[in-house]
Every structure is written in C-alpha cells, then in structure tokens.
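Colleague:
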Ligand SMILES: Nc1ncnc2c1ncn2[C@@H]1O[C@H](COP(=O)(O)OP(=O)(O)OP(=O)(O)O)[C@@H](O)[C@H]1O
Ligand SMILES: CC(C)(CO)[C@@H](O)C(=O)NCCC(=O)O
Ligand SMILES: [K+]
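Residue numbers (my numbering): 553 to 797.
#1: Would you give the residue range spanned by the alpha helix (DSSP H) that residue 790 belongs to?
#2: Using DSSP's beta-bridge definition, name the partner residues of residue 693.
#3: Put residue 715 into one of helix, strand or coil per three-state DSSP.
#4: Does at least one heavy atom of ligand 4 sit under 7 Å from the Cβ of residue 735?
#5: Where residue 637 and residue 680 are concerned, what is the direct C-alpha to C-alpha distance, given to the nearest angstrom?
#6: Ligand 3: which residues have Cβ under 6 Å from any of its heavy atoms, chain order?
#7: Which of helix, strand or coil does DSSP assign to residue 685?
#8: Indicate whether residue 605 and residue 631 have their beta-carbon atoms separated by less than 8 Å.
#9: According to DSSP, simplified to helix, strand and coil, what is residue 731?
#10: Report the CB separation of residue 607 from residue 674 in whole angstroms; it is logged as a contact under 8 Å.
#11: Rounded to whole angstroms, how far is the Cβ of residue 641 from the Cβ of residue 571, which I believe are closer than 8 Å?
#12: Among all the DSSP beta bridges, which residues are the ones paired with residue 642?
#13: Taking the Cβ atom as the reference point for each residue, do residue 733 and residue 717 lie within a distance shorter than 8 Å?
#14: In whole angstroms, what separates the C-alpha of residue 753 from that of residue 670?
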C-alpha cells in the first residue's frame, strides 16, 4: 500500500493507493493535526511506502516528514522535477528549480495524452505548461491564483476594503467587493479565451480552481481546444508513475 502526498502552498492532498486502486483520500493542513485522520491504524501498518511531491519550504518539508514518520516506519521519499521521465523532457536548464507539482502533473498528462497538450494547475498559483508532440516541455507560465490576487489587492492598498464572498459574476462591479471578485473572474475568463485562441491541443486541468477554468474554457466562443478535461488528481497520478519507476 502506497501513500501519495501532494503538498501545495494552500492545502496538502493525499491518497492511499493499493496498486491502481484508490482506498482513501483526504486533504488539509499540517497545522490542523487532522490531516491523516482518514487513515486507520490498521491501514498505517500496511503502508509500505510514502511518496511526496512538495512545493513548500524546506522546514515545512521536514515537518511533513516527521509527522508522517510518527505514523509509519515506511520510508518517506520526496520526488522532485527531473530532466526527463521517459519521453517527457523538462524545458528548464535547472530542472530542480521547477515546482515538483508542475513536473508530476506533466508526467500524468503525458501518460494520458502521449501527444501535444497543455497542463493548467489552478491552485495557490496558476501554472500553465506546454508539451509538444515529442514530449518536449516547451515552457510555461506562473501567475497568481485567485486567493492570491484578492489577497494582494487587500494587502497592497489602503481603501480596497472588502469581505470575502462567493461572487461568481464577471459583469462590471458596483461595489468594491464586486469589482475585486468579478475582476478576478473576468481575468480567469480572459485567460481561458486566450488559451482557446492560442492552443489547438488537449488541455488537462487540475487544482482547487480548476473547475472555474474548465467552465470558462467551455463557455469561450471560438475555442479551438479539442478536449478540456478536469483531472483533480493529476499531480498524484504523475507522482504514482514516477514512484513506480
Ligand atoms: N477547500 C478549499 N480550500 C482552499 N482553497 C480552495 C478550496 N476549494 C477551492 N479553493 C481554491 O483553490 C485554490 C487553492 O488550490 P489548491 O488547493 O489546488 O492549492 P494548492 O495545491 O495548495 O496550490 P499550489 O499547488 O499552487 O501551491 C485557492 O485559490 C482557492 O480559490
Ligand atoms: C508555482 C508553484 C507555487 C505552483 O504550485 C510551484 O510550482 C513552485 O513553487 N514552483 C517553483 C518555481 C518554478 O516552478 O519555476
Ligand atoms: K497544485
């Protein structure tokens, strides 16, 4: 039994898998002390390996390792971006500096598509990576995610004052909160429109705000993308592939 962990900047997500079968899944933060509450003592006993993809700090990596090691004596292995995995080749001259989540999502995407595709991970940050039909990673983009956009407006201004809310619209706002939340949604819509214009390849979408991107792509006029698929577990799927060799 293998425990797979994707430690993002906002949330840590995990799955307990036995071969291809998914047994348990959960998410949360290390601080809340209940991250792994979905795993029973009996299940911990039969965990034979723990594989982690993390984009958090070195000290957070160590905390995660010691929390996991308190549950199990199974080896905890961390997987980082590599220069290549099979036909997939990283565009970075220094692959270790590329976020492990991006790499594992690309490994998962290449395994599914085996052809030119793009990967969008809309998490704390939004990343977009291009892969060509040979498996060459052409490069990507790193943008602030939704929470980060609204948070930076809050922090960087004196009078942009607003309460958090679930404003789904994109019409011009008529209050500060509406201007901020509709503005962010409008940017997501603009991003989807641009993707649909620039790309004619399948797009695999993951991350906490992935559904918003998918919806915006589906509603974008003149979109040339043949297939846009939501894959919430793409990072863990790629990690499972890398971990098993
Ligand atoms: N339950 C949730 N908790 C936190 N964020 C959520 C939740 N549901 C949706 N979101 C949205 O998801 C985003 C965070 O996505 P995700 O959980 O994929 O982050 P992450 O994996 O920690 O990010 P990253 O990989 O970029 O560090 C936030 O911007 C927020 O808008
Ligand atoms: C961009 C994020 C934060 C997205 O989770 C992560 O992939 C990361 O910390 N990357 C390191 C920098 C890079 O990918 O070039
Ligand atoms: K992520």
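C-beta atoms are modelled at their ideal positions from N, C-alpha and C, and glycine is treated no differently.
Modeller: In short:
#1: 786–795
#2: 680
#3: coil
#4: Among the ligands in the structure shown, ligand 4 does not appear; only ligand 1, ligand 2 and ligand 3 can be found there.
#5: 19 Å
#6: 560, 653, 673, 675, 759, 787
#7: coil
#8: yes
#9: helix
#10: With 8 Å as the limit, residue 607 and residue 674 do not qualify as a contact, their Cβ atoms being about 14 Å apart.
#11: So it is not a contact: roughly 28 Å between Cβ atoms.
#12: Bridge partners of residue 642: none, in fact.
#13: yes
#14: 7 Å
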